[in-house]
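Just add 134 to the spot in the sequence shown (first one is 1) and you have our numbering.
Data first, discussion second: the structure below is written as structure tokens.
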Amino acid sequence: MRKSSSFTKVVCLAGPMVCAASVFGAETVWLSSLDLTKMTSGWSVPKVDLGVVGKPISIDGKQFARGVGTHAKSKMRLDLGGAGKRFFAQVGLDDSTEGHGSVEFLVTGDGKVLWRSGLIAGRQPARSLDVDITGVRILGLRVTDGNDGTGYDHADWAEAGFVMQDSASLPVPLPPLEPFGPKAKNFALEFEVGDDNRLYQHALGAGSANEPPQRFDEAYPQWGDGYVWEPALQVAHADGNTSTTLLYDSVTRTNEGPARELLRIKLRDPAYPFEVTLCFRAHDERDLVEQWVEIKHRESGPVKFERMASSALLLSPTNLHLTHFFGDWGKEMQPTTEFLTPGTKVLDSKLGVRAHQFRNPSFILSLDDASSETTGRVLAGSLAWSGSFQCAFDHNGRSVRALCGLNPFASSYLLAAGETFTTPRMIWVWSNQGLGNMSRKFHAWARDFGLRDGHSTRAVLLNNWYATGFDFDFSRIVGLYDPAREIGAELLLLDDGWFGNKYPRVNDQAGLGDWQPNRKRLPEGLASLAAAAGKRGLKFGIWLEPEMVNPKSELFERHPNWVIAQPKRELEFQRNQLVLDLTRPEVQQFEWRVIQDILSVPGVSYAKWDCNRYLTQPGSSWLAPDRQSHLWIDYVHALYSLMDKTAQSFPKTELMLCAGGGGRVDYAALQYFHEFWPSDNTDPLVRLPMQWDYSYFFPPMAIVSHVTHSDSLPMHFACAVAMSANFGLDLDLVKLSVEDEAICAGAVAAYKQVRDVVHFGDLYRLENPHDSPRCALNFVNTNRSQAVMFVFQMRDSQALPVRPQGLDPVKRYAVRQLNPAPARPALLQEAKSFTGEELMRDGIVPNCGRAMEACVIHLSP
Ligand code: GLA
């Protein structure tokens, strides 16, 4: 660095606007002579040869005739065209701050920090800089607020000038780089194009950007060219180069509908015909952003992808808590909350199909310690992908990157030139007011976009699975119809066991794949069952598991090579079955024919699509040896195409998503379904917390909840639990006691009264079943004229009042218990009317305090 005394040799040769001087034989340009309208200032505007308050520049008692007075935070970018030699200045806090304030000055060249002053406080002498800028194209001048706010931060670039090469053009001030990104009402992601032309993100939860962005902050980091943490993208180009460099190309915004905007940011590799588009769909009112990535190239051969995240969001690491949901068959959606520390926390699945068996691809990040139902800034993520996935939280000490998408494990993928690869969608929801607000946004969005027919009422269904298992015939099923109708059910669902002739499906060991009705059990086929239901005003639905085959089946005998298996390995079974290889076109045609045949049976208007195993031997006899790793991705795409065709071709058929319980619950599959079966565990005491936890992300109208013969638990309690979600019954109604029958009929009638409130209303979770002896929640309809509150007593406790939420404070509500339990006293407030404010303040005293008691309270005008 040259000594500051050398500056005094500068002689001004030109007029006041452009003052060039000859120093050491080169051209010098004063910063104050350039167009300062391009310099930003945190207060007022930058001043020529004066401090920002308009008085002569003075630093620690020393006056400077020349320079620029600005105010933190301040930025300026200048295009030097690579023709600069040196930039020099004396910098400090102006004496007008009277000793207050603190700032830091930075000089960057093409995105790299060339010089930084360190923290400068008031009344400190000016610091000199003389920086070599040879070859720099874009020079950045920046004043930070010293990380303590911008008060009194009057910052002077005194005697600041450039030495340019002989006969070089003047530095050209560039417009400031404004951050941009998808923006919803309270939720914005901010990106910035750096001076190196890379795309950067301002970490969510951090203060507004102060420092120039660094490689840690890259929006969609690529492996192999300088980035050393977990990358979002790792590819081998057609020529074998394992590095990628993505530079900003362009951005487009499309208004897709009321309060819905699509933002597409295109990035390109300067050395390859390879482009990546980051896509964001922001739903304004919902504070919800859908994010995915599209990748395409025109290289000379296929490009091999090792990883390609859907989202690589950056968060500030302060106090970040992660809540995630692990589980197993019968124990789905069990929450754990942990504090994120440096290192990488990975949540993933390698199960291929029924991939959510052990963990749902949804999680919650709390930004201010642990959040509550009503407080805290939270960001929830839900990956719309039914196959193997990975959500990795990479904490590098400076930021936390949430990398979510396809599981890169064993899934490399060859993409041919001209094809576009689209990653799964990641759904992000933001709330400033805790978990309740977050869930209501998810639910509202799901009704509009996430589920099929999210604004239509779901029927009360009677299933035969827990009632009969595999043991039924035509008359046993038809025998359920009259009691079903009498109890108020609207739809009968015939579960597993209706098909297979050579190998009848009388247990789970045979028949899967042979989708012809069993002639002995159902001599007249499905149509007669559907017709008998129709005659009684009931709808009829059917169970199917199109992706699977039992080795004991005619299908397997005919096509043993249609299954997913590894050559030279003994076949491994789960529930005695194998997965059909959906990447094979004949299998796709076969499954589509099965679905068409079943759903075209006259009178069939509902189906439960099951999937009872996952992949353990991921080999395909269809895919080429170098494409075996495509199975994970191609299977799921083929599955979606089948589901999509089903939804398109049978628009009036309602579909339940099931995978041995909740083994496949995500917003990609759900777009083709009306609802999902959350678990084969129907014990109401297990279901309560499980429904609570699913409801963080999925609306109760989609969470199917059936009353079954669940051991010795009181029927009234079981009914109330089911009524708080998508209600159904799975009971042998013929064998039901008179008392239980009356309770069930009362529950169905009560549920129908408030069904629309439960389906389409706002959910308020009031008392958490994980940490209290009771669980309580309430729903409020859209115009807040009605609400329904559920109180479930899991253990004995005092019947203290429960305070509903979300009511209209000035509206009056009459309190009425629905389907009261036999022999329990009436509510203290029964039939009385209160304002919403009174109810939310004083609460309602439930008439249950003993374990396994519940009450359902209707609030209406
Ligand atoms: C799975 C489902 C059950 C039932 C059985 C039938 O386990 O989760 O609800 O349909 O299959 O075999």
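Glycine included, C-beta positions come from ideal geometry on N, C-alpha and C.
| Item | Value |
| --- | --- |
| Just to check, is the beta-carbon of LYS742 closer than 8 Å to a non-hydrogen atom of ligand 1? | yes |
| Apply the 10 Å Cβ neighbour rule to ASP403 and answer buried if 16 or more other Cβ atoms are within range, or exposed otherwise. | buried |
| What is the residue span of the beta strand (DSSP E) that GLU987 lies within? | 987-994 |
| Tell me whether THR780 sits in a helix, a strand or coil according to DSSP, three-state version. | helix |
| What residue ranges within the segment 606-634 form continuous alpha helix (DSSP H) runs of no fewer than 4 residues, ordered along the chain? | 608-621 |
| Using C-beta distances below 6 Å, list every residue in its chain close to SER384, excluding the 5 sequence neighbours before and after it, in chain order. | LYS400 |
| Suppose only complete runs of 3+ residues qualify. What are the beta strand (DSSP E) ranges in the segment 747-812, listed by chain order? | 788-791 |
| Would you mind sorting GLU92 into buried or exposed? The rule is 16 or more other CB atoms within 10 Å of its CB. | Any property of residue 92 remains undetermined from this structure, which presents the chain solely from 135 to 995. |
| Do three or more CB pairs link the segment 168-182 to the segment 303-310 at distances below 8 Å? | yes |
| Are the Cβ atoms of GLU82 and VAL534 separated by less than 9 Å? | Any answer about residue 82 is impossible in this case: the structure gives the chain only from 135 up to 995. |
| Return the first residue and the last residue of the alpha helix (DSSP H) that VAL512 is part of. | Per DSSP, VAL512 belongs to no alpha helix (DSSP H); it is in the beta strand (DSSP E), 512-518. |
| Does MET572 have its Cβ less than 9 Å from a Cβ in chain B? | Of the protein chains in the structure, only one exists, and it is not chain B. |
| Would you be able to state if there are at least three C-beta pairs under 8 Å between the segment 511-520 and the segment 797-805? | yes |
| So what's SER156 in DSSP terms, helix, strand or just coil? | Low per-residue confidence applies at SER156: pLDDT is 45, beneath 50, and the placement is therefore not dependable, though the value from the model is reported in the following sentence. Strand, per DSSP. |
| From SER590, MET928, ASP351 and CYS745, pick the residue whose C-alpha is nearest to that of LYS786; which is it? | SER590 |
| What I want to know is whether the C-beta of GLY795 ends up closer than 8 Å to one or more non-hydrogen atoms of ligand 1. | yes |
| Is ASP866 near ligand 1, in the sense that its beta carbon is under 8 Å from a heavy atom of that ligand? | no |
| How big is the Cα-Cα spacing for LEU165 and ALA353? | 32 Å |
| Rounded to a whole number of angstroms, what is the C-alpha to C-alpha distance between ALA551 and ALA526? | 29 Å |
| Between HIS455 and ASP930, what straight-line distance do the alpha-carbon atoms span, to the nearest angstrom? | 32 Å |
| Any heavy atom of ligand 1 inside 8 Å of the beta-carbon of TRP519? | no |
| Go ahead and pull the three-state DSSP assignment for GLY983. | coil |
| Measuring CB to CB, does ASN530 end up less than 9 Å from TRP363? | yes |
| If you follow the beta strand (DSSP E) that ASP383 is part of, which residue opens it and which one closes it? | 381-391 |
| Can you give the Cα-Cα distance for ASN130 and PRO980, rounded to whole angstroms? | This structure cannot settle anything about residue 130, because the visible part of the chain is limited to 135 through 995. |
| Where does PRO313 fall in DSSP's three states? | coil |
| For SER483 versus PRO469, is the C-beta distance shorter than 9 Å? | no |
| Give the list of continuous beta strand (DSSP E) stretches no shorter than 3 residues that lie fully inside the segment 261-288. | 261-266 and 272-278 |
| Can you tell me whether PRO959 is buried or exposed? The criterion is at least 16 other CB atoms within 10 Å of its CB, across all chains shown. | exposed |
| What first and last residue would you give for the beta strand (DSSP E) that runs through VAL225? | 218-227 |
| For ASP183, which beta-bridge partners are listed by DSSP? | In DSSP, ASP183 forms no bridge with anything. |
| I'd like to know whether the C-beta atoms of ARG596 and LEU952 end up nearer to each other than 9 Å. | Note that residue 596 corresponds to Leu in the displayed sequence, not to Arg. Contact: no. |
| TYR406 and ASN375: beta carbons closer than 9 Å? | yes |
| Evaluate the contact criterion for the segment 637-652 versus the segment 622-629: three or more CB pairs, one atom per stretch, below 8 Å. | no |
| Quickly, what does DSSP pair ASP864 with across the bridge? List them, please. | THR842 |
| Cα separation between SER573 and TYR885? | 22 Å |
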